[in-house]
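There are 4 protein chains.
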Amino acid sequence: MLGGEIMEKLDRQQVMKDPIYGYIHVDLVVIKKAIDTSIFQRLRRVRQLSGVQMVFHGAEHSRFSHSLGAYEIAYRFLTIPDLKNALSEREQALFLGAALLHDLGHGAYSHAFEDIFHTNHEHIGARLILEHAELRKVLDQVDNTFAEDVSGIIRKNGKFPIIEALTSSQLDVDRLDYLERDAYFTGAAYGHIDLDRLMRVMHVKNGKIVFRQSGVHAIENYLISRYHMYWQVYYHPVSRAYEIVLEKIYLRLKDLCINDYRFEGDIEPLKAMIKNPNDLENYIKIDDFYMNGLIASFLNTDDDILRKLSDDFMNRNIWQYIDDDASTKEEIAEIKQQFSQLEQKYFTADRKIANLTYSEDDLANQIHILLPDGTISTLQAESRIVRGLILTGIRTDQKFFYRREK
Amino acid sequence: MLGGEIMEKLDRQQVMKDPIYGYIHVDLVVIKKAIDTSIFQRLRRVRQLSGVQMVFHGAEHSRFSHSLGAYEIAYRFLTIPDLKNALSEREQALFLGAALLHDLGHGAYSHAFEDIFHTNHEHIGARLILEHAELRKVLDQVDNTFAEDVSGIIRKNGKFPIIEALTSSQLDVDRLDYLERDAYFTGAAYGHIDLDRLMRVMHVKNGKIVFRQSGVHAIENYLISRYHMYWQVYYHPVSRAYEIVLEKIYLRLKDLCINDYRFEGDIEPLKAMIKNPNDLENYIKIDDFYMNGLIASFLNTDDDILRKLSDDFMNRNIWQYIDDDASTKEEIAEIKQQFSQLEQKYFTADRKIANLTYSEDDLANQIHILLPDGTISTLQAESRIVRGLILTGIRTDQKFFYRREK
Amino acid sequence: MLGGEIMEKLDRQQVMKDPIYGYIHVDLVVIKKAIDTSIFQRLRRVRQLSGVQMVFHGAEHSRFSHSLGAYEIAYRFLTIPDLKNALSEREQALFLGAALLHDLGHGAYSHAFEDIFHTNHEHIGARLILEHAELRKVLDQVDNTFAEDVSGIIRKNGKFPIIEALTSSQLDVDRLDYLERDAYFTGAAYGHIDLDRLMRVMHVKNGKIVFRQSGVHAIENYLISRYHMYWQVYYHPVSRAYEIVLEKIYLRLKDLCINDYRFEGDIEPLKAMIKNPNDLENYIKIDDFYMNGLIASFLNTDDDILRKLSDDFMNRNIWQYIDDDASTKEEIAEIKQQFSQLEQKYFTADRKIANLTYSEDDLANQIHILLPDGTISTLQAESRIVRGLILTGIRTDQKFFYRREK
Amino acid sequence: MLGGEIMEKLDRQQVMKDPIYGYIHVDLVVIKKAIDTSIFQRLRRVRQLSGVQMVFHGAEHSRFSHSLGAYEIAYRFLTIPDLKNALSEREQALFLGAALLHDLGHGAYSHAFEDIFHTNHEHIGARLILEHAELRKVLDQVDNTFAEDVSGIIRKNGKFPIIEALTSSQLDVDRLDYLERDAYFTGAAYGHIDLDRLMRVMHVKNGKIVFRQSGVHAIENYLISRYHMYWQVYYHPVSRAYEIVLEKIYLRLKDLCINDYRFEGDIEPLKAMIKNPNDLENYIKIDDFYMNGLIASFLNTDDDILRKLSDDFMNRNIWQYIDDDASTKEEIAEIKQQFSQLEQKYFTADRKIANLTYSEDDLANQIHILLPDGTISTLQAESRIVRGLILTGIRTDQKFFYRREK
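Chains as they are written, first to last, in the working numbering: chain Y, 91 to 496; chain Z, 91 to 496; chain X, 91 to 496; chain D, 91 to 496.
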């Protein structure tokens with residue numbers, strides 16, 4: 091053992107109480123230590139859902155909880171005989187580590203942030219695993235390529251295809267946790283997934299994750315749950331309206347930064363991002379605590395636009411919206427007229443959502459079905475519900491959002 | 091109708107999805123508008139449990155959710171025939187309003203805050219109901235004494251004894267919601283309460299809330315749940331350790347303010363509180379967004395003590411603790427020796443918890459039992475479990491907490 | 091009021107604890123008395139699912155529980171403003187009565203029984219409502235056409251179209267209860283229905299039950315749940331195999347009766363049914379208690395076939411089965427060869443199942459969607475999931491079942 | 091290996107869907123085969139709760155389900171490190187077998203039956219394990235003392251003290267399953283037990299089952315749940331009234347048998363029991379199917395008393411009851427006067443219930459608490475709730491029950 095304590099175990103299993111799974115179970119020293127790093131604890135300060143909580147008040151949970159949840163599903167997956175056999179002890183730890191750290195790169199209101207600052211939370215997460223000194227030290231205790239391998243899985247470099255498939259695909263530990271967790275915290279009736287059943291029918295065949303045919307209904311149920319969670323929860327127009335306020339705040343902040351506006355709060359980390367979106371040290375400061383405190387400091391700022399947007403965010407002034415289709419072109423044009431050119435940039439937005447419940451073309455992400463005779467088929471060949479979903483095509487929704495005074 | 095639209099109803103009932111009750115139901119215009127005020131929306135920025143979430147990661151919910159929950163229980167209570175009959179339409183609205191607004195005065199990490207700044211969230215809440223212009227305007231639309239009456243219920247001025255009993259007593263809408271809600275979000279197995287049963291046996295007799303004898307077991311269950319939630323969740327030593335860090339941060343901030351320390355972030359609201367703890371305008375700025383942002387800004391501050399405490403808070407450096415009893419006096423003295431006089435003030439704490447599951451002496455808060463013959467008895471007379479709890483006396487726990495370097 | 095006490099209420103609402111809904115609520119005297127009749131109590135002796143419990147051991151619940159459940163959903167439906175307004179007080183009671191009594195005509199293992207004895211539980215139920223003296227007396231206390239009207243709703247005579255639609259259609263109180271209840275008792279993960287949501291979007295428009303567009307996802311979820319419950323639970327091949335044993339027992343009993351076989355137990359009620367399938371007095375004796383006791387008495391009977399079938403039933407000797415399709419014709423023929431002509435009649439069966447998740451052709455049973463502009467659309471027009479299900483057509487499953495010796 | 095295939099495993103783990111635990115897991119061939127025996131399948135025909143279902147209509151589950159549940163808890167217990175280490179592979183199988191078969195000796199309405207026929211279901215169960223040929227053959231495949239050892243555990247012969255303690259004590263797999271299961275099926279809010287927590291704190295020390303101090307609250311919760319289940323569910327007076335009807339039916343049947351009454355149905359198995367309560371062959375015929383069918387056959391019998399009792403049973407004619415205490419002596423005497431001497435024997439009963447929630451005197455059954463310093467304490471020393479329960483003594487309830495005509 092050159093690199094150190096390979097797969098060192100805790101003297102006694104540690105658990106954390108979790109409302110979804112009962113307990114999160116930790117056996118490995120490396121996982122325990124990774125959880126305790128400041129960079130992972132930082133995820134307590136990044137909420138899982140941003141705009142959604144404005145509609146579903148229960149959805150106040152963080153990416154910390156979700157990351158532990160994704161890890162716990164990976165932990166349970168490792169009781170599946172085929173999977174346990176297919177992965178070496180080190181690969182099992184890689185899987186656990188990748189599940190735990192898959193969202194490490196998320197910051198405050200990432201989706202809005204990424205649109206404006208052109209960052210990518212997956213790339214950043216993969217870099218943090220390599221470059222965050224405290225975490226790196228923990229991972230290096232396994233061996234000196236462990237961090238690189240975990241990071242590679244997040245980046246999907248193809249070195250560990252099974253682990254990559256389980257960490258990020260059409261059916262992975264990430265989605266399995268967030269659908270269930272978001273359903274639990276929102277109170278939505280739809281996100282429940284039969285995890286036990288999925289695990290009982292999961293196998294490894296020819297280096298691929300496959301599901302026995304008798305589990306097709308559990309997969310169908312998962313896809314329908316996902317469909318409903320997306321359209322009822324994640325794409326809720328009020329939630330989208332709120333996300334747009336955040337995006338516009340970022341946009342205005344960026345523009346003001348460039349113009350050397352004198353801000354009330356500590357704007358340095360954001361300024362740093364404009365100069366260099368790869369500045370990790372500043373990036374990780376931009377968590378919800380930071381952004382929320384910053385926006386609060388703008389409630390009396392001089393800039394009209396920033397002040398109004400900050401007030402919208404703080405005091406839940408939800409923007410209006412109407413469908414953008416042939417019948418509303420005129421109405422939208424009229425609404426726009428009510429805004430000045432400058433206001434149009436910051437106070438209006440036109441956004442289209444398109445969602446495919448199951449993609450048959452995305453070959454890399456296919457869900458594979460193991461037939462009783464040992465051959466491998468596709469999900470759409472075995473499920474009439476999935477065929478039905480494919481037949482009905484992509485569902486889209488385009489809306490025009492605009493600010494209104496309270 | 092001088093004052094305006096008494097008990098004006100919404101055109102259509104509005105609902106908010108809630109993970110505990112399915113829906114929060116709103117019928118009255120005044121409730122809808124009160125929820126929409128910025129001072130109520132502010133509760134989204136104040137978490138329900140502070141230290142607890144460091145042990146139970148799911149417990150990230152806000153006082154906003156809990157306030158809606160307490161309101162919903164009040165709403166359901168109003169389907170109890172006796173209660174509906176005992177309260178006029180206006181009193182019913184008062185009950186709903188008081189339930190909704192009972193926690194309005196909470197700020198960031200209130201318990202720690204109150205210890206240092208000598209504020210009282212109930213008094214502040216009662217004042218906000220009267221003095222917050224936006225909210226006051228909403229309440230005045232009912233009539234010009236409505237705000238005063240809601241505020242009076244929070245202050246327990248005795249004018250509406252039934253509503254006061256239902257809002258704050260040994261068995262009230264506040265406790266009924268928070269036990270259930272905190273159990274749901276922590277994942278604790280203990281907080282479940284048989285609300286339907288309690289409601290079915292609740293009556294009003296001689297101007298008092300009473301419970302039929304056949305519901306004694308449901309009350310017993312509630313008290314045992316409360317007992318377990320307190321000792322397993324709220325009093326968890328790690329949670330208490332974390333609360334102490336917050337208290338010490340407040341203490342250091344106060345001391346530094348007095349000494350005119352140059353802070354990184356916007357310290358004005360806290361400074362204002364030192365001068366005048368009754369300064370509502372500044373008080374309401376001190377929510378979690380503000381405090382969390384502020385503490386984040388201290389990670390590189392010059393003051394050693396503030397920097398270390400801020401780091402403890404941000405990066406979950408949990409303090410150590412040992413029982414403080416006859417056998418540990420010496421050990422505690424030794425630990426103290428390791429700290430300078432100044433450090434002892436900020437880096438150590440000795441705290442005692444004492445909890446009585448059911449108090450027979452607190453006459454005002456007695457739970458009354460209605461016997462089949464129509465007479466009213468006490469809970470302890472009718473429940474051997476409650477008698478047992480009383481017989482075994484007060485449970486206490488004293489611990490010494492101290493900082494350790496990571 | 092000629093007939094007596096129209097809609098007389100109980101002095102105090104009575105409740106029965108129910109594992110699904112918490113409580114079954116009874117306000118009306120007529121409902122309370124109907125539940126207490128011997129003919130309704132008889133449903134305690136008829137299980138809801140026959141073969142299914144051989145696969146899902148938890149599914150041991152009776153039609154009594156289900157009937158109370160369907161009633162409770164009707165009771166809750168009557169809190170929907172539109173529905174309450176659309177129905178007179180008497181019609182509301184008719185709805186409650188029809189929901190409660192809709193399964194009154196079920197006997198032991200009805201599906202197998204009906205195939206052999208050519209009875210129809212709905213016709214029998216409708217007749218029992220009119221002809222069972224004890225029950226009739228209860229219903230007559232409302233008025234002298236109440237029994238006739240309840241019976242007419244069960245027979246779907248078209249007099250109360252809204253009540254008929256709510257009692258028996260593609261989305262009715264019967265299905266809503268049994269899917270949820272069967273899921274609860276089997277432990278299946280699929281049957282959960284968002285009843286609250288369905289109720290919130292249900293309206294009456296132009297004399298029809300319609301659902302607001304915003305509830306389409308809840309209907310989709312219900313249809314998918316139904317689809318999965320059918321294919322995973324109700325159509326489970328082991329369950330079907332067990333139903334066939336029951337059918338063959340009935341067949342053999344009938345044949346032996348005709349040949350004047352000397353039975354051990356009391357065969358009279360069955361003999362009576364052969365002579366006259368309309369003999370209600372004997373029909374209602376044939377509950378599970380009777381049939382199970384009777385079959386137990388055949389474990390040592392002389393007739394080989396009856397004895398073997400009874401043993402299969404009592405001791406869970408599950409028959410074998412294979413798919414019946416082009417590829418298995420030969421294999422099936424070979425299996426048949428192993429049985430004598432007589433045995434083929436009693437020890438083999440070929441059964442085909444065909445199920446349409448949602449029928450667009452069945453105009454009477456359409457689910458109607460109310461658009462925001464007030465016009466009424468169809469479910470398939472508004473739901474891509476339903477369109478997908480229709481596009482993929484009828485799902486069938488044909489199997490050949492045969493006895494094997496233990 | 092003389093005896094055969096020690097602890098032979100199934101090729102693939104088999105599972106049965108269970109509403110409480112998700113799945114019942116079977117790994118061992120001997121367990122699989124034991125479940126398939128006719129004597130175990132017979133438990134499908136014996137309901138878990140007899141009178142209780144007359145109050146809680148959902149409680150229609152059988153001893154088959156409960157036996158599988160108790161087995162599953164044992165299965166899960168075997169993942170507890172201490173327990174796994176303390177038991178050899180064969181002992182683990184003994185534990186599983188004893189958990190599965192612990193209720194094998196139950197017959198129709200056992201409690202009533204035992205009172206009249208002086209049988210004992212535990213003795214009978216222990217004998218069936220040895221003497222039932224089909225089952226014995228299965229158990230002998232492990233080795234030729236396996237059956238004897240399982241039987242000895244049921245009889246508590248002291249050979250395997252840990253397994254005995256886990257199978258039958260104050261906290262065992264039997265109680266853990268039935269409290270949870272009966273709560274689930276009745277819908278009672280009280281029976282929930284934190285099984286995961288109990289398992290996490292369970293250890294084996296000095297050959298005893300002990301629980302870490304940090305689990306005391308979970309044990310308290312279990313005892314309070316048990317207390318509430320007993321008084322709210324099992325001791326419900328309507329349920330007790332119904333049990334008395336059954337007891338009186340057995341009593342009358344016995345008396346009539348002795349007098350050579352000509353019965354309608356097949357009375358032979360009962361007659362055999364009068365002659366010889368040890369006649370296993372006849373005993374096992376007396377399941378619910380048999381008894382229910384038999385009682386149904388008495389609805390038109392000539393004997394007045396038997397006919398009336400049978401009608402009470404079939405058509406839910408619940409007997410009246412009043413408290414039997416100092417104040418009601420006279421009233422009870424008057425009620426008795428309304429019955430003839432003969433009727434008093436069959437139509438009245440005086441019954442007292444006494445229940446101790448936790449017995450400190452029952453040394454063999456103590457729950458042991460493992461203190462942090464490694465010493466073993468008692469539950470009452472560590473739990474103030476348990477001390478409270480002990481202090482308040484035995485709770486009793488005495489009632490006089492009597493028949494009334496409908």
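For each residue, glycine too, the CB sits at the ideal point set by N, CA and C.
- In chain order, His147, Gly148, Glu150 make up the part of chain X whose C-beta sits under 8 Å from the C-beta of Ser155 of chain D.
- Here the alpha carbon of Thr127 of chain D sits roughly 11 Å from the alpha carbon of Met404 of chain X.
- In the structure shown, the three-state DSSP call for Ile395 of chain D is helix.
- Listed along the chain, the chain X residues whose CB falls inside 7 Å of the CB of Tyr113 of chain Z are Asp286.
- Inter-residue distance for Leu173 of chain Z and Val116 of chain Z is about 19 Å (C-alpha atoms, whole angstroms).
- Under the criterion of beta carbons closer than 8 Å, Met289 of chain X and Arg166 of chain X qualify as touching, at roughly 7 Å.
- Taking CB atoms only, Gln131 of chain X has a neighbour in chain D less than 8 Å away.
- Between the segment 367 to 386 of chain Z and the segment 372 to 382 of chain Y, the count of C-beta pairs closer than 8 Å reaches three or more; the two stretches touch.
- The beta carbon of Arg302 of chain X does not come within 8 Å of any beta carbon belonging to chain Y, so the residue lies off that interface.
- Residue-level contact check: Ala279 of chain D touches chain Z, since one or more beta carbons of chain Z fall below 8 Å from its beta carbon.
- Exposed is the label assigned to Arg352 of chain Y, since fewer than 16 other Cβ atoms lie within 10 Å of its Cβ.
- For Phe491 of chain D, the secondary structure class from DSSP, reduced to helix, strand or coil, is strand.
- Judged by their CB atoms, Ile334 of chain Z and Tyr312 of chain Z are not nearer to each other than the 8 Å cut-off.
- Contact of Leu266 of chain Z with chain D by beta-carbon distance below 9 Å is absent, the smallest such distance being about 14 Å.
- Comparing alpha-carbon positions, the option among D:Leu229, D:His326, D:His458 lying closest to Glu98 of chain D turns out to be D:Leu229.
- Distance from the CA atom of Gly305 of chain X to the CA atom of Lys295 of chain X, rounded to whole angstroms, is 16 Å.
- In this structure, Ser155 of chain D sits away from His307 of chain X, with a CB-CB distance that is not shorter than 8 Å.
- Residue environment: Gln431 of chain Y is assigned as exposed (fewer than 16 neighbouring CB atoms within 10 Å of its CB, all protein chains considered).
- The C-beta distance from Ala279 of chain Z to Ser241 of chain Z rounds to 38 Å, too long to meet the 8 Å contact threshold.
- Rounded to the nearest angstrom, the gap between the Cα atoms of Ala416 of chain X and Asp463 of chain Y is 17 Å.
- Residue burial annotation: Gly483 of chain Z is exposed, with fewer than 16 other C-beta atoms found within 10 angstroms of its C-beta.
- Under the three-state reduction of DSSP output, Ser200 of chain Y falls in the helix class.
- If you draw a straight line from the Cα of Leu479 of chain D to the Cα of Ile374 of chain X, it comes to about 50 Å.
- In this model, Lys496 of chain Z and Asn407 of chain Z are separated by some 7 Å (Cα to Cα).
- If the five residues before and after Arg153 of chain D are omitted, its C-beta is found closer than 6 Å to the C-beta atoms of Leu133, Val136, Gln138, Asp193, His196, all from its own chain and listed in chain order.
- Sixteen is the threshold: when 16 or more other Cβ atoms of the shown chains lie within 10 Å of the Cβ of Ala160 of chain Y, as they do, the residue is buried.
- One Cα belongs to Arg441 of chain Z, the other to Ile314 of chain Z, and the distance between them is close to 24 Å.
- The beta carbons of Leu184 of chain Z and Phe275 of chain Z sit no closer together than 8 Å.
- Membership of Asp101 of chain D in the beta strand (DSSP E) is indicated by the continuous run 99 to 108.
- By the Cβ neighbour-count rule, Pro327 of chain Z is buried, with 16 or more other Cβ atoms within 10 Å of its own.
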